[in-house]
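Line order of the protein sequences matches chains A and B. Letter 178 of the first sequence, counting from 1, is numbered 178 in our numbering, and no numbers are missing. Letter 14 of the second sequence, counting from 1, is numbered 218 in our numbering, and no numbers are missing. Step one of this worksheet: look at the structure below.
There are 2 protein chains.
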Amino acid sequence: MFSGAQLSLYPMSDDFVGIIIGSLSALDPYRDACRIETDDVSTLLVGPPDQLFPAMRDFHAAASQGGVHCVLSATVSRGCPGEPDDPICAGTDGIAADDVPLADRVSNALKAVREAPITGQPVAAQFSLYPLGADRHMGEIYACIDFLKGSGVFDRSKHFCTKLRGDAGSVFAAVGQAFLAFGGTAERHVALDLTVSANSPSAT
Amino acid sequence: MFSGAQLSLYPMSDDFVGIIIGSLSALDPYRDACRIETDDVSTLLVGPPDQLFPAMRDFHAAASQGGVHCVLSATVSRGCPGEPDDPICAGTDGIAADDVPLADRVSNALKAVREAPITGQPVAAQFSLYPLGADRHMGEIYACIDFLKGSGVFDRSKHFCTKLRGDAGSVFAAVGQAFLAFGGTAERHVALDLTVSANSPSAT
């Protein structure tokens with residue numbers, strides 16, 4: 001399997017270069033598990049699917065802790081049939097197996113959110129889940145929305161996406177669970193696009 | 205049908221609020237055709253699918269023209285079965301019909317990019333196309349990549365996305381054609397996520 005993310009960090013500050021560079025060390029704990037490459041538009045993170053959201057959480061939290069309005073945007077993918085298998089992505093920890101009943105997937109995902117570390121950084125987030133190559137993709141999406149409504153960080157449904165609000169630890173855990181437990185099994189192609197915003201002056 | 209985008213504009217500047225507010229008038233020509241609503245994370249644009257990319261182009265160009273590093277990020281969707289039909293989205297101009305052969309779709313899309321207005325603003329962009337509810341979604345994606353390689357703005361294939369580079373007029377036209385001509389017919393559910401960057405200090 002191949003899994004990873006193209007992520008970008010947008011500090012709304014004249015010092016955006018300094019803030020981005022100063023936050024890169026937050027990715028150091030993930031460098032053994034993940035391959036990381038950067039160009040002028042995004043940073044590629046390739047690694048086990050359960051490592052992607054904690055890495056993005058820590059990178060965004062490091063950039064946001066000074067109070068600057070800071071957005072992380074990411075395209076996350078697993079199981080794309082057009083990508084080569086990569087040993088660094090080995091392990092499907094957290095991806096719900098085919099024979100796990102929906103009710104158990106929901107309760108396991110809720111438990112993972114409850115047990116997520118609290119960061120102290122409030123965020124708003126929105127994301128869309130794309131289970132690909134399946135003719136009943138809306139079923140997975142509706143099940144995921146049901147999970148989110150009980151997650152404690154559900155803000156509201158919007159057109160094309162679901163909006164969350166809460167501590168960054170809980171929010172990233174909830175989006176991670178959506179990706180791992182509701183897109184389909186490890187053989188499926190699942191994509192997710194994510195926006196996480198901290199310190200917005202227009203946050204309510 | 206329901207079509208639209210959740211878009212966000214990220215000026216990397218202490219004056220991000222002023223730049224965003226100062227660029228909103230670029231959307232005025234689209235206000236008759238589209239419904240526009242804003243919250244703290246994104247702006248919803250609902251309207252005919254062929255209006256979405258010109259509107260985003262003009263909004264991003266207005267924010268970028270002062271030279272600030274400015275990114276537009278968007279989740280674009282058409283035909284989602286979970287969204288209500290909306291009369292404002294009526295019209296399927298530009299969506300390739302079921303009986304148009306692939307070669308004709310490619311040549312029509314290339315013609316649309318050649319005829320797109322030139323803005324004078326260079327950009328880098330990357331995007332992912334998600335044809336949903338189909339068991340052969342990779343076929344549409346590969347056909348779209350073939351089109352992009354001939355479009356004059358193809359930069360390179362990246363993991364999970366395709367990167368473009370060129371004048372904003374041509375780049376937004378190419379992404380718009382990917383959305384309209386390669387995701388499937390007007391009855392299909394197609395999503396696309398898009399990142400467009402101008403004035404990056406690390407652009408090559």
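Built from N, CA and C at the ideal position, the CB exists for glycine as well.
Spatial neighbours of residue i in its chain, beta-carbon cut-off 6 Å, leaving aside the 5 residues before and after
i: A:G94; result: D50, L180
i: A:R35; result: V46, I88
i: A:V71; result: Y10, S197
i: B:A313; result: F351, Q381, A385
i: A:F172; result: F53, R57
i: A:S3; result: P49, R78, C89
i: B:A395; result: S281, Y334
Identity of the residue in the options nearest residue i by Cα
i: B:T399; options: A:P29, A:A55, A:T75, A:D32; result: A:T75
i: A:L44; options: A:A5, A:Y30, A:A26; result: A:A5
i: A:Y142; options: A:A178, A:A112, A:A125; result: A:A178
i: B:G324; options: B:D262, B:D302, B:P335, B:N312; result: B:D262
i: B:D302; options: B:Y334, B:E391, B:S227; result: B:E391
i: B:M342; options: A:A134, A:V100, A:V71; result: A:A134
i: B:A300; options: B:E287, B:V357, B:A267, B:C348; result: B:C348
i: B:R318; options: B:A378, B:P252, B:E241, B:G387; result: B:A378
i: B:S229; options: B:A320, B:V245, B:M260, B:D219; result: B:M260
i: B:N403; options: B:S355, B:S212, B:M216, B:L211; result: B:M216
i: A:D28; options: A:A62, A:P81, A:G184; result: A:A62
i: A:Q65; options: A:I19, A:R156, A:L132; result: A:I19
i: A:H189; options: A:G22, A:P81, A:D40, A:E37; result: A:P81
i: A:G67; options: A:D15, A:T38, A:S42; result: A:D15
i: B:E287; options: A:S157, A:R136, A:S42; result: A:S157
Limits of the unbroken beta strand (DSSP E) element including residue i
i: B:D371; result: 365-371
i: A:L194; result: 189-198
i: B:Y214; result: 207-215
i: A:I36; result: 35-38
i: B:P288; result: Taken as a continuous stretch (DSSP letters only), B:P288 belongs to no beta strand (DSSP E), as it is neither H nor E.
i: B:S361; result: 358-362
i: A:Y30; result: Run containing A:Y30: none; DSSP gives neither H nor E here.
i: A:Q121; result: From DSSP, A:Q121 is part of no beta strand (DSSP E); its letter is neither H nor E.
i: A:V76; result: 70-78
i: B:T247; result: 247-250
Enclosing alpha helix (DSSP H) for residue i [first to last residue]
i: A:I20; result: 16-23
i: A:G139; result: 137-149
i: B:P253; result: 253-268
i: B:S311; result: 306-318
Cβ-based neighbour list, residue i, same chain, cut-off 7 Å, excluding 5 preceding and 5 following
i: A:F160; result: S128
i: B:P405; result: H273
i: B:D289; result: M205, F206
i: A:A33; result: G47, P48, Q51
i: A:A203; result: A124
i: A:S42; result: Q6, L7, S8
Own chain, CB closer than 8 Å to residue i, minus 5 neighbours either side, in chain order
i: B:S353; result: Strictly speaking, residue 353 of chain B in this sequence is Lys, with Ser absent from that position. Closer than 8 Å at the Cβ level, and outside the excluded window around B:K353, lies no residue.
i: A:L102; result: A143
i: B:S374; result: V317, A320, I322, S355, G356, V357
i: B:E344; result: L333, P335, A338, F386, G387, G388
Selection of the stretch 79-110 of chain A by Cβ proximity to chain B, strictly under 9 Å: C80, P81, G82, E83
query: Quick one: any contact between the stretch 368-375 of chain B and the stretch 312-330 of chain B, if contact means 3 or more CB pairs under 8 Å?
result: yes
Interfacial residues, the stretch 362-382 of chain B to chain A, with Cβ spacing under 8 Å: When CB distances to chain A are screened at a threshold of 8 Å, the residues of the stretch 362-382 of chain B falling below it are K362, H363, F364, C365, K367, in chain order.
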